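Read through the structure below, which is laid out as structure tokens, and then see the notes.
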């Protein structure tokens with residue numbers, strides 16, 4: 067039996083387990099967000115009910131979301147027991163920031179990081195073909211300066227940072243269009259301690275620059 071699109075009972079159970087796991091294992095603040103429902107014709111739409119929702123099933127569902135996020139596993143469990151279909155949102159700017167690049171650039175950067183023996187942080191893949199690299203908080207404020215120091219203009223690269231006031235959508239959340247968020251590099255005990263953005267920025271900026279050059283050459 068399904069309660070909404072992509073949310074059969076086994077999926078809602080995985081959402082609850084994953085949300086609690088992020089709080090217990092990583093001490094990340096967790097927030098229940100909107101979710102997907104189906105209309106009379108079977109088409110997906112966001113639970114918020116807004117026509118033309120910009121992020122169906124992938125945004126906070128209440129205005130006070132910044133204060134309702136919690137890293138307490140009992141509190142997280144109560145949230146999802148109240149609404150088991152909620153998307154899993156992880157607020158940025160608290161225990162991590164996220165460097166956002168295209169999937170192609172992110173994969174190239176990951177390969178370079180492995181060759182350079184750089185620390186491999188959790189990396190989140192979005193349905194929109196983006197990769198998000200988790201780093202310690204504070205990246206949003208200093209990355210533009212660091213990019214200029216490395217010789218790149220921040221506005222010339224397809225690279226963004228999610229910090230305070232933002233969020234990422236965590237697996238196994240399903241959104242529309244596109245499907246589920248997935249881990250490209252899972253959170254593990256080996257990457258519990260996140261790197262500073264400065265440690266990863268050079269290969270990320272290089273990969274983004276390569277992508278920009280390739281696009282211009284087409």
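Numbering (my numbering), first residue to last: 67 to 284.
In this text, a Cβ means the ideal position worked out from N, Cα and C, and glycines have one as well.
The model shown is predicted, which means the values in this text are computed figures rather than measured ones.
Rounded to whole angstroms, what is the Cα-Cα separation between residue 84 and residue 236? 9 Å
If you measure between the beta carbons of residue 188 and residue 265, is that distance less than 8 Å? no
Simplified DSSP state of residue 198, which is helix, strand or coil: strand
In terms of residue numbering, what span does the beta strand (DSSP E) encompassing residue 173 cover? Not the beta strand (DSSP E): residue 173 falls in the alpha helix (DSSP H), residues 169-181.
Which of helix, strand or coil does DSSP assign to residue 229? coil
Between residue 160 and residue 273, is the Cβ-Cβ spacing less than 8 Å? no
CB residue 239 to CB residue 124, shorter than 8 Å? yes
Which of the three DSSP states, helix, strand or coil, is assigned to residue 83? helix
With distance defined between alpha-carbon atoms, name the residue in 225, 168, 247, 99 nearest to residue 263. 225
Whether residue 169 touches residue 197 by CB criterion (8 Å): yes
Would you call the stretch 150-165 and the stretch 81-101 in contact, with 3 or more CB pairs under 8 Å? yes
For chain B, is any of its Cβ atoms less than 8 Å away from the one on residue 183? Reference to chain B is not applicable here, since this structure consists of a single protein chain.
Need the endpoints of the alpha helix (DSSP H) that residue 206 sits in, please. 205-216
Can you name the residues that DSSP bridges to residue 238? For residue 238, which the question treats as bridged, DSSP gives no partner whatsoever.
Can you tell me whether residue 279 is buried or exposed, with buried defined as 16 or more other CB within 10 angstroms of its CB? exposed
Residue 234 vs residue 171 beta-carbon contact at 8 Å: no
Determine the burial state of residue 109: buried for a count of at least 16 other Cβ atoms within 10 Å of its Cβ, exposed for fewer. exposed
DSSP three-state call for residue 278: helix, strand or coil? helix
Helix, strand or coil for residue 164? Go by DSSP, reduced to three states. strand
Cα separation between residue 276 and residue 214? 17 Å
Have a look at 210, 162, 246 and flag the residue whose alpha-carbon is nearest the alpha-carbon of residue 88. 162
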